[in-house]
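Colleague: What follows is a single structure, and I will ask about it in a moment.
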RNA sequence: GGAGAGAUGCCGGAGUGGACGAACGGGCUCGCCUGCUAAGCGAGUAAGCGGGGAUGACCCGCUUCGAGGGUUCGAAUCCCUCUCUCUCCGCCA
């Protein structure tokens, strides 16, 4: 979201920048709306001034002149109502237009679509030799129960059992514990949020169809980013407290309508999945540095599990609504290739403005960032394929083996 | 779910129809005083938007006393709705 008062000077820059995302915006229209809003306010302010003066005169009037003055004041007051209605409409129109604009891509971001993402780092050795897909491995080990999930909930829902459930539980809490020493506060937020929260972090108004809405009009969080980001807006932030870092392990709910196929099977794309999320609020100007910090946090998870990955800078058309710059971490699935397991985004002041996140006694807004550190379901899926052996068992990374109390699943 | 109370500036807290952007206290800032982390004295201290001005100092106007609507010439003050907080009851993990 951009500031109303910036429209006049910046609308044309926005248009140019947004076109890099493939977003077509009519800049002339924005400028026109802004001019209309200004002149509407001028008219209103003048009339309100006159009406105020008239009302004051009534209060001081003698009984004889009173009646006459009230009549005049009444007229003035009616004029204000009209002018106010006009002004409010103009403001609303402009706000609504701005509200629908996504964040501006960072200049570093490569131009184009999905295929234009830039691999900026590779770690570990990616063996892509043929293996069964993770869901088959999981099923034969008895740790994935898609039939059970379907029986309960229909297609697209996860059900982990036995070592699968244990693995999910260990991975989730282990990852949170990994982040805590780096200045993160752990949060266990509500999984249901108001519409205003979804708007604040940028999931609405554009992507309503992607999320589940309750009968009361609230929403199941599609990511705990929604909860964590909006949590920051409860009270103004203390400047000395920055950077503020929050992390949470939560389930996330997405409709993901109409997604089937090889790349989406098993745990890869579900209506419910849990992940560890990280959110940071930093001083304006510190966003880029924090972005790398968060990426490295996510990478350290994979490195400690001795899993190969690559870091990709997303291209402009691939950015999320609120993001200006995003790094994805991808892992090489033998069955279906490089697959996202973490996504870390710099949102600048975009969300702060939408969600009303302020710094106490300061005009500056904080920059916000969010990132996955990392997704539990996809991590399990990758572990299954990565550790798979000809005899059908799955070798666990050393660190995890300790925690699980076993080195191999299925023996 | 039922009953009641409340929401005012950075904080506390007055204010029940006009002279209230808001008493008073605290805090904070600047200055004075005191010769030295105390006490005292004085002044200042909301934000947003629009206009003027050199995109400065500054000046003018509008809006804002939880949010939205209503009554009125005029609302922090009256009415309605909503949100939130607190207390009691019910219900539960």
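Numbering (our numbering), first residue to last: 4 to 414.
Cβ coordinates follow ideal geometry from the N, Cα and C atoms, glycine included.
Quick caveat: nothing in here was measured; it's all calculated off a predicted structure.
1. Would DSSP call residue 353 helix, strand or coil?
2. What residues match up with residue 314 in a beta bridge as DSSP calls it?
3. Assuming residue 284 is part of the beta strand (DSSP E), what are its boundary residues?
4. Is there contact here, the region 124 to 139 with the region 75 to 90, by at least three beta-carbon pairs under 8 angstroms?
5. In angstroms, rounded to a whole number, what distance separates the CA positions of residue 146 and residue 167?
6. Keeping to the same chain, check which residues put their C-beta closer than 6 angstroms to that of residue 248; ignore five residues upstream and five downstream.
7. Please list, in chain order, all residues of the same chain as residue 110 whose beta carbon is under 8 angstroms from its beta carbon, the five residues on each side excluded.
8. Roughly how far, in whole angstroms, is the beta-carbon of residue 252 from the beta-carbon of residue 175, given that I think they are within contact range, below 8 angstroms?
9. How far does the alpha helix (DSSP H) with residue 394 in it reach, from first residue to last?
10. Whole angstroms are fine: how far does the CA of residue 36 sit from the CA of residue 101?
11. Just the C-alpha distance for residue 291 and residue 349, rounded to the nearest angstrom, thanks.
12. By how many angstroms is the C-alpha of residue 207 removed from the C-alpha of residue 380?
13. Any idea which residues DSSP pairs residue 187 with across the strands?
14. Reducing DSSP to helix, strand and coil, say where residue 58 ends up.
15. Whose C-beta lies closer than 7 angstroms to the C-beta of residue 293 among residues of the same chain, with five residues either side of it excluded?
16. Do residue 412 and residue 144 have their C-beta atoms closer together than 8 angstroms?
17. Tell me which same chain residues have a C-beta within less than 6 angstroms of the C-beta of residue 39, skipping the five on either side of it?
18. Using CA coordinates, which residue listed in 358, 73, 79 is at the minimum distance from residue 54?
19. Are the beta-carbon atoms belonging to residue 72 and residue 83 less than 8 angstroms from one another?
20. Is residue 28 helix, strand or coil by DSSP?
21. Go ahead and pull the three-state DSSP assignment for residue 158.
22. So, does the region 188 to 206 touch the region 227 to 238, judging by three or more C-beta pairs under 8 angstroms?
23. Please report how far the alpha carbon of residue 316 lies from the alpha carbon of residue 345, in whole angstroms.
24. Can you tell me whether residue 354 is buried or exposed? The criterion is at least 16 other CB atoms within 10 Å of its CB, across all chains shown.
25. Report the rounded CA-to-CA distance for residue 280 versus residue 360, giving the unit in angstroms.
26. Taking residue 301 as part of the alpha helix (DSSP H), name the residues at either end of that continuous run.
27. Could you give the C-beta distance for residue 404 and residue 106, rounded to a whole number, given that I count them as a contact under 8 angstroms?
28. Assign residue 278 to buried or exposed, taking buried as 16 or more other Cβ atoms, counted over all protein chains shown, within 10 Å of its Cβ.
29. Going by the DSSP bridge assignment, what does residue 362 pair with across the sheet?
30. Indicate the three-state DSSP secondary structure (helix, strand or coil) for residue 135 in the structure shown.
31. Are the region 264 to 278 and the region 155 to 173 touching, with three or more C-beta to C-beta distances below 8 angstroms?
32. Output needed for residue 305: all residues of its chain with C-beta closer than 6 angstroms, excluding positions within five of it in sequence on either side, in chain order.
33. In chain order, what residues of the same chain have a beta carbon less than 6 angstroms from the beta carbon of residue 98, not counting five sequence neighbours either side?
34. Can you tell me whether residue 143 is helix, strand or coil according to DSSP?
35. Nearest to residue 204 by CA position, among 329, 301, 226, is which residue?
36. Ends of the beta strand (DSSP E) at residue 373?
Modeller: To lay it out plainly:
1. helix
2. 124, 332
3. 275 to 285
4. no
5. 5 angstroms
6. 186, 187, 283
7. none
8. 4 angstroms
9. No alpha helix (DSSP H) contains residue 394, which DSSP labels as neither H nor E.
10. 11 angstroms
11. 7 angstroms
12. 25 angstroms
13. 248
14. helix
15. 246, 283, 285, 372
16. yes
17. 93
18. 79
19. no
20. coil
21. coil
22. yes
23. 12 angstroms
24. buried
25. 19 angstroms
26. 290 to 307
27. About 42 angstroms separates the two Cβ atoms, so there is no contact after all.
28. buried
29. 240
30. coil
31. yes
32. 312
33. none
34. helix
35. 226
36. 370 to 378
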